Each structure stands twice: as C-alpha cells, then as structure tokens.
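Student: Residue numbers (our numbering): 691 to 906.
Okay, here's the structure, questions in a sec.
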C-alpha cells in the first residue's frame, strides 16, 4: 500500500486552484516542448508526510495513530503565489503555495511525526514546504525554465482561505488515468486553539528506512 498523510482544501480553494491551473495552461499553450498532467481539483491536497509502500501490518499500525484527535489546534490557511519544482534544471512540478497557515501545518506535521515515531517510523528530516501540486511536467528541458517561470509570474491566484480542522491518511492507487486517492483514516484537530510551535521530535529509531520522497 502506498500511503501519505495530508490536509485537504475546501471547495472554494479547489476552484481557485483550478482557475490558476487553467491560466497557466493558457500562457504556456499547447506548443510547449513538453506536456503537463494537471491534477483534478478534487484530488488537490497539502502533503504532510509521504510514507511510500507500506506492508499491510505496518499500514494498520499507521492507521492507529489517526484514531484519536490531534492536540495541534485548528487554523486558517490561505493560498499564495505559483512556482515550480525543482529550484533549478528541468521544471517538473507546478505548485500553488501556502502563505497563511504555514505555522499551523508545521505544528500538525510535528505531532504526526511524533505519533508515527511511536509505531516505528523515523521523523521527516526535510522541512515542510507546504503547497498544492497543480500539475506534473514531462519533457520540459532546462532551457524552458525561464518561459515557465515567466508564465507563472503572470498569473495572480485568487485569494482563497479555508479552515484546516482535520488531517487525513490516504492510500494512493495507480490507475491508467493516474493516481487515485482513498481515505484510510483521519483525525480532527483541536478546536479553539492557536497552533503551537513545532517541538523537536525524537531521534530516528534503529532499523527503519528513511522517509521516501514526496511522490503523491
């Protein structure tokens, strides 16, 4: 099973993100050097942890950490500008950034890391780079980066905010039409509290693999 944990935007944010994706597609046109597979609005999410392939027995332990509410508080998040990954070389991902709510997301990820460590998963070493993946790029050479960055800078995403009050565990299943996500569990966030500063997590338990890259 291929698992990841995420928070979901609300319908208004999904609509705003889809509008931004269409605007970018219009600026890059159909005659570009590569293609872009755009993420369906209903599948947009902010990945907190990508766990990769997980055996059934391990998956049940992971599901267990979502059976009680989180202590991290609910908060408001807002989308901001557009960009692409990686920072140099051929562009591979078009993303919509998160401005307001980054501290809240970091606090939820820190608590998630602690919970996962209790069932044998090491903490995530990389800092959280909160974003919504809008599209995955194929065949775009490094020389096209300037064109892509210019197109992204020309688009002004609609201001959209949403209440983040739940973290979700997903299974990603590959199909001929791309990945499809299925909910395996979820936990609510504490109501009426401000996000706490993300504390340091325990060191990596012995005998576990390092976290896989974010490939949701």
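We treat Cβ as the ideally placed atom computed from N, Cα and C, and that holds for glycine.
Every value quoted in this text rests on a predicted model; they were computed, and no experiment measured them.
At which residues does the alpha helix (DSSP H) containing residue 710 begin and terminate?
Tutor: Locating residue 710 in the chain shown gives position 20, counting from the first residue. Counting along the chain, the alpha helix (DSSP H) containing residue 710 begins and ends at 701 to 718.
Student: Between the C-alpha atoms of residue 691 and residue 781, what's the straight-line distance to the nearest angstrom?
Tutor: Along the chain shown, read from residue 1 onward, the residue named residue 691 stands at position 1. Along the chain shown, read from residue 1 onward, the residue named residue 781 stands at position 91. Approximately 28 Å, taken between the alpha carbons.
Student: Between the beta-carbon of residue 644 and the beta-carbon of residue 768, is there less than 8 Å?
Tutor: No answer is possible for residue 644: the residues shown for the chain start at 691 and end at 906.
Student: Across the stretch 707 to 716 and the stretch 793 to 802, are there enough close Cβ pairs to call them in contact, namely three or more that are closer than 8 Å?
Tutor: Flag = no, the stretch 707 to 716 and the stretch 793 to 802 do not touch.
Student: Would you tell me roughly how many angstroms separate the C-alpha atoms of residue 819 and residue 756, rounded to the nearest one?
Tutor: On the chain shown, residue 819 is found 129 positions in, with the first residue counted as 1. On the chain shown, residue 756 is found 66 positions in, with the first residue counted as 1. Looking at the two C-alpha atoms, the distance is approximately 22 Å.
Student: Can you give me the Cβ contacts of residue 718 inside the same chain, cut-off strictly under 6 Å, excluding the 5 residues immediately before and after it?
Tutor: Reading the chain shown from its first residue, position 28 is the one you call residue 718. Counting only Cβ-Cβ distances below 6 Å, and skipping sequence neighbours, we find 841.
Student: According to DSSP, is residue 819 helix, strand or coil?
Tutor: Mapped onto the chain shown, residue 819 falls at position 129. Coil at residue 819, not helix or strand.
Student: Any chance you could list the beta strand (DSSP E) runs of at least 3 consecutive residues sitting entirely within the stretch 734 to 785, in chain order?
Tutor: As far as the stretch 734 to 785 is concerned, its whole beta strand (DSSP E) runs of at least 3 residues are 736 to 743 and 765 to 775.
Student: Can you tell me the Cα-Cα spacing of residue 706 and residue 753, whole angstroms?
Tutor: By one-based count along the chain shown, residue 706 stands at place 16. By one-based count along the chain shown, residue 753 stands at place 63. Taking the straight line joining both Cα atoms gives about 31 Å.
Student: Just the Cα atoms here: how many angstroms apart are residue 702 and residue 760?
Tutor: Indexing the chain shown from 1 puts residue 702 at position 12. Indexing the chain shown from 1 puts residue 760 at position 70. Between residue 702 and residue 760, the C-alpha separation is close to 25 Å.
Student: Residue 862 and residue 906 - do their beta-carbons sit closer together than 8 Å?
Tutor: Working through the chain shown from its first residue, we reach residue 906 at position 216. Working through the chain shown from its first residue, we reach residue 862 at position 172. The Cβ atoms of residue 906 and residue 862 sit closer than 8 Å to each other.
Student: Have a look at 735, 694, 743 and 721 and flag the residue whose alpha-carbon is nearest the alpha-carbon of residue 824.
Tutor: For the purposes of this step, residue 824 is identified with residue 134 of the chain shown, where counting begins at 1. Minimum Cα distance to residue 824 is reached at 735.
Student: Please state whether the Cβ-Cβ distance between residue 852 and residue 821 is less than 8 Å.
Tutor: Residue mapping note: residue 852 aligns to position 162 of the chain shown, counting from 1. Residue mapping note: residue 821 aligns to position 131 of the chain shown, counting from 1. Against a cut-off of 8 Å, the Cβ pair of residue 821 and residue 852 comes out as no contact.
Student: For residue 827, which residues from the same chain have a beta carbon less than 7 Å from its beta carbon, with the 5 sequence-adjacent residues on both sides left out?
Tutor: In the chain shown, residue 827 corresponds to position 137, counting from 1. Closer than 7 Å at the Cβ level, and outside the excluded window around residue 827, lie 724, 726, 781, 782, 783 and 784.
Student: If distances are taken between C-alpha atoms only, which option among 811, 778, 805 and 880 comes closest to residue 742?
Tutor: For this step, residue 742 is matched to residue 52 along the chain shown. Minimum Cα distance to residue 742 is reached at 811.
Student: Counting only the same chain and skipping the five closest in sequence on each side, list residues whose C-beta sits under 6 Å from that of residue 744.
Tutor: Here residue 744 refers to the residue found at position 54 of the chain shown. These residues qualify, in order along the chain: 691 and 693.
Student: At the level of alpha carbons, what is the spacing between residue 779 and residue 815?
Tutor: Mapped onto the chain shown, residue 779 falls at position 89. Mapped onto the chain shown, residue 815 falls at position 125. Cα to Cα, residue 779 sits roughly 24 Å from residue 815.
Student: CA-CA distance, residue 747 and residue 831?
Tutor: The residue given as residue 747 occupies position 57 in the chain shown. The residue given as residue 831 occupies position 141 in the chain shown. Near 42 Å, if we compare the C-alpha coordinates of residue 831 and residue 747.
Student: Residue 857 and residue 697 - do their beta-carbons sit closer together than 8 Å?
Tutor: Numbered from its first residue, the chain shown carries residue 697 at position 7. Numbered from its first residue, the chain shown carries residue 857 at position 167. Yes. Within cutoff.
Student: Return yes when the Cβ of residue 764 is within less than 8 Å of the Cβ of residue 850, no when it is not.
Tutor: Taking the chain shown and counting its residues from 1, one reaches residue 850 at position 160. Taking the chain shown and counting its residues from 1, one reaches residue 764 at position 74. No.
Student: How big is the Cα-Cα spacing for residue 648 and residue 817?
Tutor: The structure shown does not extend to residue 648, since the chain spans only 691 to 906, so no value can be given for it.
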